[in-house]
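Novice:
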Amino acid sequence: MELRNLEHHLTACQFAGVECKLCQRSLQRSQLQRHIEEECPRRLVSCDNCLKEMAYEERLEHEQTCPLAYVTCEYCQTALARKQMADHYDMDCYKAPIPCTYCFFGCKEKMQRNELARHLQEFTQAHMRMMAQTLRSFSSSFPPTSNMASGSLDPNQFEPAPSYPVPPSMSSPHDSSQQVQSMKETIEQLEARLVIQDHQIRELIAKMETQTAVVTDLKHTVRALEEKLVEVEAQQYNGVFVWKISNFSAHLRSQEEERPVVIHSPGFYTGKPGYKLCLRMHLQSPSAPRCANYISLFVHTMQGEYDNLLHWPFQGTIRLSILDQSECSNIQDQEEIMDTKPDLLAFQRPTLPRNPKGFGYVTFMPIQALRQRMFIKNDTLLVRCVVTTQGELNSPRREGFHPRNSDGATL
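Position 246 (the sequence shown) corresponds to 246 in the UniProt record's numbering; numbering is contiguous.
(1) Under 8 Å: do the region 37–52 and the region 355–374 share three or more Cβ pairs, one atom per stretch?
(2) Mind reading off the beta-carbon distance from TYR294 to PHE364? Whole number of angstroms is fine, and I expect it under 8 Å.
(3) Does GLN255 pass the burial test, meaning 16 or more other C-beta atoms within 10 Å, or should it be called exposed?
(4) Distance check for GLU336 and THR301, CA to CA, integer angstroms please.
(5) Should THR221 be labelled buried (16 or more other beta-carbon atoms within 10 Å of its own) or exposed?
(6) Expressed to the nearest angstrom, what Euclidean distance is found between the alpha-carbon atoms of HIS62 and THR270?
(7) Please classify GLY239 as buried or exposed, where buried requires at least 16 other C-beta atoms within 10 Å of its C-beta.
(8) Okay, do the region 189–208 and the region 234–253 touch, 3+ Cβ pairs below 8 Å being the bar?
(9) Is LYS95 closer than 9 Å to CYS76 when the C-beta atoms are compared?
(10) Which value, in whole angstroms, describes the spacing of the CA atoms of ARG384 and ARG319?
(11) Can you tell me whether THR186 is buried or exposed, with buried defined as 16 or more other CB within 10 angstroms of its CB?
(12) How about GLN334 and PHE298: are their beta carbons less than 9 Å apart?
(13) Label PHE15 either buried or exposed according to how many other C-beta atoms from any shown protein chain fall within 10 Å of its C-beta, with 16 as the threshold for buried.
(14) From what residue to what residue does the alpha helix (DSSP H) around LEU116 run?
(15) Measure the C-alpha to C-alpha separation of LYS377 and SER246 and round it to an integer number of angstroms.
(16) Between GLU258 and PRO286, how many whole angstroms is the CB-CB distance? I'm expecting something under 8 Å.
(17) Mapping the DSSP letters down to three states, classify TYR102 as helix, strand or coil.
(18) Identify which residue in GLU38, THR72 and LEU381 has its Cα closest to the Cα of GLU57.
(19) LYS341 by DSSP, collapsed to three states: which one?
(20) Since GLU61 is in the alpha helix (DSSP H), which residue starts that stretch and which ends it?
(21) Put LYS244 into one of helix, strand or coil per three-state DSSP.
(22) Give me the Cα-Cα distance between LEU194 and GLN200, rounded to the nearest whole angstrom.
(23) Look at the Cβ atom of GLN112, then the Cβ atom of PRO97, and state whether they are nearer than 9 Å.
(24) Since ARG25 is in the alpha helix (DSSP H), which residue starts that stretch and which ends it?
(25) Measuring CA to CA, which of ALA369, ALA250 and LEU279 is closest to HIS264?
(26) Which residues in the same chain have their Cβ closer than 6 Å to the Cβ of LEU80, if we skip the five residues on either side of it in sequence?
(27) Along the chain, where does the beta strand (DSSP E) that runs through TYR294 open and close?
(28) Span of the beta strand (DSSP E) holding LYS110?
(29) Is it the case that the Cβ atoms of GLU231 and GLU305 are separated by a distance below 9 Å?
(30) Looking only at C-alpha atoms, which of ALA369, SER26, GLN303 and LEU381 sits nearest to PRO350?
(31) For the candidate residues HIS311, LYS219 and VAL262, whose alpha-carbon lies nearest to that of ASP92?
(32) DSSP puts ILE322 in a beta bridge; with which residues?
(33) How long is the line joining the alpha carbons of VAL261 and GLN84, rounded to whole angstroms?
(34) Alpha carbons only, please: which of LYS184, GLU188, SER137 and ALA117 is nearest the one belonging to THR216?
(35) If you follow the beta strand (DSSP E) that PRO313 is in, where does it begin and where does it stop?
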């Protein structure tokens, strides 16, 4: 080339060395874009759980502390968000080790929460002895409340009290002695009743704690039955799932107010036996980089009942649609079809109840486009997912299903 064009050529030469502004690594200009999008350790990524943006190299450290990441209780194996785990340990976990209620009085036993009521019933007498001994030690640590009671007062240190005539209406010493004796008997009766009532209260407390443990067990049973019912319902979809998102206007208001909107669908199966999947929708905020005011839609694999019988990674074709609910004949659904990519983590066998990696579209549909047709009806958005697994792709069961290469993204 001519020397006069050299300077202009160097500014655009694909083989010229440039520096990544994020990590300061030197590389050829032709490699810069791919480096920024896929390789740079300082490129921005979002947490799947809390949507916080961070450098890629900080991702693993964040996952260890993310308050919305799912963690498993070490005692009862319940999966909860990390920020809920402390309250779960202190209040709900029926297998968490707790000290005896009478630890203040000297009981050193520790047990699971669901065994506390039985412990209190079995060791009632021991607990009473501990409490009595503690109270005796506690009371003996105080000096007598009156010097007169100890006989340490000198009668000569006080002046004689003036004498007054005693009215005839006042009781005689004999009557006063009878009154004192009557009061002593009344006090003894009240103390006896107090002891009986104290035992009754302790029995009621033990019964209440037993009933509380029974209710807790029943709650766990009901929860397990509800989960089983949801699982049975999920198996009926047979790869065609319609997700109804109600109260959608509230989600739109949150999006406009820059509050994160992330919605997960219930799980559904591709067949029986089949893979268990769920959908995740993001309403991207107006300030989101590169995808402001877009609907993002992703598919996640989940741990299912038939995972041991299936081939992994999951392979097939997925059709995602936001349904036009117009009653006219010219219905235009917003639809994308994508092929799975077995090499991605999103399609490997999940090791958590829900695979944190999803696959889909960051810019599935502009939010503004929802108002151009009747995508929202009765404040409800309908999202349909039709899944054909690898073994079904040649089957005529679903006509008109033409998979194509996806330009979907994984997050």
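Note that beta-carbon positions come from the ideal geometry of N, C-alpha and C, so glycine has one too.
Specialist: In short:
(1) Enough Cβ pairs lie closer than 8 Å, so yes.
(2) Translated into the one-based positions of the sequence shown, residue 294 becomes position 294. Translated into the one-based positions of the sequence shown, residue 364 becomes position 364. About 7 Å separates the beta carbons of TYR294 and PHE364, which is inside the 8 Å limit, making them a contact pair.
(3) Taking the sequence shown and counting its residues from 1, one reaches residue 255 at position 255. Buried is the label assigned to GLN255, since at least 16 other Cβ atoms lie within 10 Å of its Cβ.
(4) The residue you call residue 301 lines up with position 301 of the sequence shown. The residue you call residue 336 lines up with position 336 of the sequence shown. Rounded to whole angstroms, the separation of the alpha carbons of GLU336 and THR301 is 18 Å.
(5) Position 221 of the sequence shown holds residue 221. Exposed is the call here.
(6) Residue numbering aside, residue 62 sits at position 62 when the sequence shown is read from its first letter. Residue numbering aside, residue 270 sits at position 270 when the sequence shown is read from its first letter. If you take the alpha carbons of HIS62 and THR270, they lie about 33 Å apart.
(7) By one-based count along the sequence shown, residue 239 stands at place 239. Its Cβ being crowded by 16 or more others within 10 Å, GLY239 is buried.
(8) Fewer than three Cβ pairs drawn from the region 189–208 and the region 234–253 lie within less than 8 Å of each other, which leaves the two stretches out of contact.
(9) Reading the sequence shown from its first residue, position 76 is the one you call residue 76. Reading the sequence shown from its first residue, position 95 is the one you call residue 95. Yes, the Cβ-Cβ distance between CYS76 and LYS95 is below 9 Å.
(10) Mapped onto the sequence shown, residue 384 falls at position 384. Mapped onto the sequence shown, residue 319 falls at position 319. Each residue's Cα considered, the two are about 8 Å apart.
(11) Position 186 of the sequence shown, counting from 1, holds the residue named residue 186. So THR186 ends up on the exposed side.
(12) Looking up residue 334 in the sequence shown gives position 334. Looking up residue 298 in the sequence shown gives position 298. Taking C-beta atoms as the reference points, GLN334 and PHE298 fail to come closer than 9 Å.
(13) Translated into positions along the sequence shown, residue 15 becomes position 15. Exposed is the call here.
(14) As a working mapping, residue 116 is identified with position 116 in the sequence shown. It spans 116–122 - the alpha helix (DSSP H) in which LEU116 sits, taken as one unbroken run.
(15) Residue numbering aside, residue 377 sits at position 377 when the sequence shown is read from its first letter. Residue numbering aside, residue 246 sits at position 246 when the sequence shown is read from its first letter. For LYS377 and SER246, the distance between alpha carbons rounds to 10 Å.
(16) Here residue 258 corresponds to residue number 258 of the sequence shown, with the count starting at 1. Here residue 286 corresponds to residue number 286 of the sequence shown, with the count starting at 1. Between GLU258 and PRO286 a beta carbon distance of about 7 Å is seen, short of the 8 Å cut, so the two are scored as contacting.
(17) The residue labelled residue 102 in the question sits at position 102 within the sequence shown. It is coil, neither helix nor strand.
(18) Along the sequence shown, read from residue 1 onward, the residue named residue 57 stands at position 57. Just measuring C-alpha positions, the residue of GLU38, THR72 and LEU381 sitting nearest GLU57 is GLU38.
(19) Within the sequence shown, numbered from 1, the residue matching residue 341 stands at position 341. Of the three classes helix, strand and coil, the one that applies to LYS341 here is coil, per DSSP.
(20) Working through the sequence shown from its first residue, we reach residue 61 at position 61. In the DSSP assignment, GLU61 falls within the unbroken alpha helix (DSSP H) covering 59–63.
(21) Within the sequence shown, numbered from 1, the residue matching residue 244 stands at position 244. Here DSSP, grouped into helix, strand and coil, assigns LYS244 to strand.
(22) As a first step, residue 194 must be located in the sequence shown, where it is residue number 194. As a first step, residue 200 must be located in the sequence shown, where it is residue number 200. Looking at the two C-alpha atoms, the distance is approximately 10 Å.
(23) Here residue 112 refers to the residue found at position 112 when the sequence shown is read from its first residue. Here residue 97 refers to the residue found at position 97 when the sequence shown is read from its first residue. Yes; because the gap between Cβ atoms is below 9 Å, this pair is in contact.
(24) Here residue 25 refers to the residue found at position 25 when the sequence shown is read from its first residue. Here ARG25 belongs to no alpha helix (DSSP H), and DSSP marks it neither H nor E.
(25) Here residue 264 refers to the residue found at position 264 when the sequence shown is read from its first residue. When C-alpha distances from HIS264 are compared across ALA369, ALA250 and LEU279, the shortest belongs to LEU279.
(26) The residue given as residue 80 occupies position 80 in the sequence shown. For LEU80, where only same-chain residues beyond five positions count, the Cβ hits under 6 Å are HIS88.
(27) The residue labelled residue 294 in the question sits at position 294 within the sequence shown. It spans 294–302 - the beta strand (DSSP E) in which TYR294 sits, taken as one unbroken run.
(28) As a first step, residue 110 is located in the sequence shown; it is residue number 110 there, counting from the start. Start and end: 110–112.
(29) Looking up residue 231 in the sequence shown gives position 231. Looking up residue 305 in the sequence shown gives position 305. Yes; because the gap between Cβ atoms is below 9 Å, this pair is in contact.
(30) Position 350 of the sequence shown, counted from the first residue, corresponds to residue 350. Cα-wise, what sits closest to PRO350 is GLN303.
(31) If you number the sequence shown from 1, residue 92 lands on position 92. Taking only the C-alpha atoms, the option nearest ASP92 is LYS219.
(32) Taking the first residue of the sequence shown as position 1, residue 322 is located at position 322. ILE322 pairs with GLN334 and VAL383.
(33) For the purposes of this step, residue 261 is taken as residue 261 along the sequence shown, with counting starting at 1. For the purposes of this step, residue 84 is taken as residue 84 along the sequence shown, with counting starting at 1. In a straight line, the C-alpha of VAL261 is about 20 Å away from that of GLN84.
(34) Residue numbering aside, residue 216 sits at position 216 when the sequence shown is read from its first letter. Selected option, being the one with the closest Cα: ALA117.
(35) For the purposes of this step, residue 313 is taken as residue 313 along the sequence shown, with counting starting at 1. Run containing PRO313: none; DSSP gives neither H nor E here.
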